[in-house]
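These notes are about the structure you will find just below.
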Amino acid sequence: MGLLSCVLSASSAWATSVEVEVEDESSGRGYRDASGHADARTMGDLRVSIRTGQLRPPRGFAPVDVGLQNTGPVPLTVRLAFRGHSGGGTRVTERVVEVPPRQRLVTWVHVPASLYSGNLHVDVAGQDALVNPVYLDGVNSATMLVLGSLKDFDGTAGVPVADSSVGPLFSLRTIDPKDAPRELAAYVGYPVVMVPGDPLAVPADVWATLESYAATGGRLVLTELSSGVRERLPLLDTNDTAAGADYGFGQVWLCPSSLECGHVLKGLLRMPLPGPVNPAGLAPRWERGNMLAGGFAPLLDNARAPVGRFLLLIFLFVLAVGPGSLMLARRRGPVAVLVAVPMVSVITCAALVAWSVLVDGFSVHSLRYSLTLLDSERSRAVTVGVAAWYANMSMGAVSLPATSALLAPDTVGADDSTLEMDWTHGLTVKNNFLPPRTYREWGEVSVLPSRSRLSIRRDGDGVRVQNALGARLEEGYLRLGGQHYAVPEMTDGAEVTLGAPLPEGETPVNRLLSDAALGAGRLSVGKERFQAPLSEGGFIVRLGGVGMSPTSTVKMELEGGAHVVRGQLEEVRP
60 MGLLSCVLSA
70 SSAWATSVEV
80 EVEDESSGRG
90 YRDASGHADA
100 RTMGDLRVSI
110 RTGQLRPPRG
120 FAPVDVGLQN
130 TGPVPLTVRL
140 AFRGHSGGGT
150 RVTERVVEVP
160 PRQRLVTWVH
170 VPASLYSGNL
180 HVDVAGQDAL
190 VNPVYLDGVN
200 SATMLVLGSL
210 KDFDGTAGVP
220 VADSSVGPLF
230 SLRTIDPKDA
240 PRELAAYVGY
250 PVVMVPGDPL
260 AVPADVWATL
270 ESYAATGGRL
280 VLTELSSGVR
290 ERLPLLDTND
300 TAAGADYGFG
310 QVWLCPSSLE
320 CGHVLKGLLR
330 MPLPGPVNPA
340 GLAPRWERGN
350 MLAGGFAPLL
360 DNARAPVGRF
370 LLLIFLFVLA
380 VGPGSLMLAR
390 RRGPVAVLVA
400 VPMVSVITCA
410 ALVAWSVLVD
420 GFSVHSLRYS
430 LTLLDSERSR
440 AVTVGVAAWY
450 ANMSMGAVSL
460 PATSALLAPD
470 TVGADDSTLE
480 MDWTHGLTVK
490 NNFLPPRTYR
500 EWGEVSVLPS
510 RSRLSIRRDG
520 DGVRVQNALG
530 ARLEEGYLRL
540 GGQHYAVPEM
550 TDGAEVTLGA
560 PLPEGETPVN
570 RLLSDAALGA
580 GRLSVGKERF
590 QAPLSEGGFI
600 VRLGGVGMSP
610 TSTVKMELEG
620 GAHVVRGQLE
630 EVRP
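When we follow my numbering, the leftmost residue of the sequence shown carries the number 60, and every step to the right adds one.
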């Protein structure tokens, strides 16, 4: 279990000091239940239960659960569409589900967390559409998601209900584990997810999603950690006994008693927690300039207005229309001016169009950064990344699997463009993933199948390394026999012989974690997980190309970027 199990000593120290760091003023504050309530409606043979008033996470998506019971003898195809309203227009989030005869199921419509309210439309063929208002509870306190009942939480968490006269320390939402969503996007927006009961009672597919949530940067709190649970957490170091253990890009917290759980939750939720990635959004209109929200600079040069070139063009146009017209009028007469001025305007417009076509073109421009943990034993890649996008024309639909999530900037303005999403088979952004002539950044987290690897084989007294990572290897380091070696630049599929080991005291890991490799601070959270020293047989490399995130399949013109990959060597024996 050497893979990805390096636990920073700071985490252990912080975990043991949570109890003493919690301030007195927060120790007396409790939680607020924001699970919402269900509205029951009937449409012929279909009974619909729509939950409203549920807690909205600070980022990502808010899962809206809809119970559907078919009391008739034939299956029903139901289309659910949430239409939320904001300053930029109507956002549509839909899902199509088939309800078998005389059965009940719970399905989920994931709504962007930037929305506060909207209408849920339920459509069944041959019947009038049902429209039910839904509002999401947006609070200023910290938020968490609980997979279990409120009774289970009260019995294990050690946190009282908040007094009405005192603001809550945090708000929570409870979900029945057997009905819980199976998409990673439903969880990634919540800073903390807790399972107050027996984790083995959680359905296997739900647990797989929870494990992916922790691996991609979430904080998973458990009250029991038996041997069976450890088997469901393959990246957890079996020798680690710390309360808060690093797990991929996230953490797993164990609190076997209510007293410990109270300290852990208060320690985690006493201040805002960052998301796994930090894409930069557009600044408010009154602050618009060349900088994004938070003072970030755009990653793509295409997004910067060519002020100098346009000023030069305007200057030439003014010269041609002003002094040029006077000179032409003196030499050729006023009729020539009436012909020349429109011609100059047409030529100027043609020059602008030609510049847009020849320089920007009709392709999608992207610059991409990512951090990837390769789990070779389970043939998967855990990735957190951010990509900058720009195009002259709006691109088509973009699809992502259920084991991934798309994250918009936390500072989303009211002027964001309309989005239309379909959750029937994973996430499909039907339109406006990238509006025309608009710079946009998207964050991504994913756990995807992968056979990418860096393999070695013994060749006499030397060691040969083969790049099977699917992209050009630009720089890298590995640890073998207690010594660090530099991995030279090589193309995908190439094989080279390792040189002499590096001098003692070198810190090769930090060389690859420069600010440029982390998207100018947009992947700073994941950097902490990559700073641990390499274990025996471990490697860390920087790749070129599009990376391993789901949107790498989009047809684009790659402007650059970097992808840092960490994992364990695979030895090929003759």
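A virtual CB, placed ideally from N, CA and C, is assigned to each residue, including glycine.
Exposure label - residue i; buried when at least 16 CB within 10 Å
i    : result
V220 : exposed
V190 : exposed
V252 : buried
S285 : exposed
M480 : buried
D518 : exposed
P122 : buried
L328 : buried
N491 : buried
M203 : buried
C320 : buried
A473 : Only weak support is given to the placement of A473: the predicted model assigns it a pLDDT of 41, under 50, and the value that follows is read from those uncertain coordinates. Exposed: under 16 other Cβ atoms inside 10 Å.
C314 : buried
N337 : buried
V546 : buried
S509 : buried
N569 : exposed
G620 : buried
Residue i vs residue j beta-carbon contact at 7 Å
i    : j    : result
W670 : V265 : Not covered by the structure: residue 670. The range shown for the chain is 60 to 633.
E153 : A461 : no
E500 : A447 : yes
P255 : F212 : yes
L195 : R115 : yes
G596 : Q627 : yes
S271 : P227 : no
F589 : L572 : yes
D512 : S611 : Residue 512 is actually Arg in this sequence, not Asp. Taking 7 Å as the Cβ cut-off, R512 and S611 do not qualify as a contacting pair.
G521 : D551 : no
L127 : L164 : yes
V398 : V380 : no
Y544 : L557 : yes
A93  : S223 : no
V158 : T483 : no
M102 : V183 : yes
G276 : L259 : no
G143 : L174 : yes
L411 : E618 : no
S458 : T487 : yes
Neighbourhood of residue i by C-beta distance below 8 Å, restricted to the same chain and skipping five residues each side
i    : result
D83  : Because D83 carries a pLDDT of 45, less than 50, the predicted location of this residue cannot be relied on, and no value is offered for it.
S86  : With a pLDDT of only 47 at S86, under 50, the local geometry of the prediction cannot be trusted, and the value read off the model is given with reservation. The residues are K325.
S514 : V524, Q525, A527, L628, E629, E630, V631
L582 : V336, N337, Y428, S429, L430, V443, G444, V445
P132 : P160, R161
Chain-order list of residues whose beta-carbon lies under 7 Å from that of residue i (same chain, five-residue window excluded)
i    : result
A274 : L294, Y306, G307, F308, G309, V441, V506
R118 : A172, G248, G334, L466, D469
S208 : T233
A553 : N526
V225 : R88
I387 : In the sequence as presented, Ile is not what sits at residue 387; that position holds Leu. So the qualifying residues of the chain are A395, V396, A399.
A36  : The requested residue 36 does not occur in the structure, where the chain is confined to residues 60 to 633.
L359 : H424, L426, A447, Y449, Y498, E618
Same chain, Cβ closer than 6 Å to residue i, five either side skipped, listed in chain order
i    : result
A99  : S108
F141 : T152, V168, V170, G177, L179
L478 : R150, N491
E616 : S422, H424
A244 : F120, H169, A464
D407 : Here the sequence assigns Thr to residue 407, which means Asp is not the residue at that position. Taken in chain order, the residues that qualify are F376.
A413 : none
(request) Let me know the beta strand (DSSP E) ranges lying completely inside the region 529–592, each 3 residues or longer, listed in chain order. (result) 532–539, 542–546, 554–556
(request) May I ask you to verify whether the region 591–604 touches the region 350–361, counting CB pairs closer than 8 Å and requiring at least 3? (result) no
(request) Let me know the beta strand (DSSP E) ranges lying completely inside the region 154–237, each 3 residues or longer, listed in chain order. (result) 162–171, 176–183, 189–194, 201–206, 229–234
(request) Decide if the region 556–566 is in contact with the region 535–544; the criterion is three or more beta carbon pairs, one per stretch, under 8 Å apart. (result) yes
(request) Say whether the region 605–612 touches the region 427–440, bearing in mind that this needs 3 or more beta-carbon pairs closer than 8 Å, one atom from each stretch. (result) Counting Cβ pairs under 8 Å, three or more are found: they touch.
(message) I'd like to know if the region 127–140 and the region 452–459 are in contact, where contact means that at least 3 CB-CB pairs between them fall below 8 Å.
(response) no
(message) Please give the ranges of any alpha helix (DSSP H) in the region 498–533, keeping only runs that are unbroken, at least 4 residues long and fully inside the region.
(response) none
(request) Go through the region 259–319 residue by residue and report every complete run of the beta strand (DSSP E) that reaches 3 residues or more, in order. (result) 278–281, 303–306, 309–313
(request) Please list the segments of the alpha helix (DSSP H) lying wholly inside the region 80–132, counting only runs of 4 or more residues, in order along the chain. (result) 83–86
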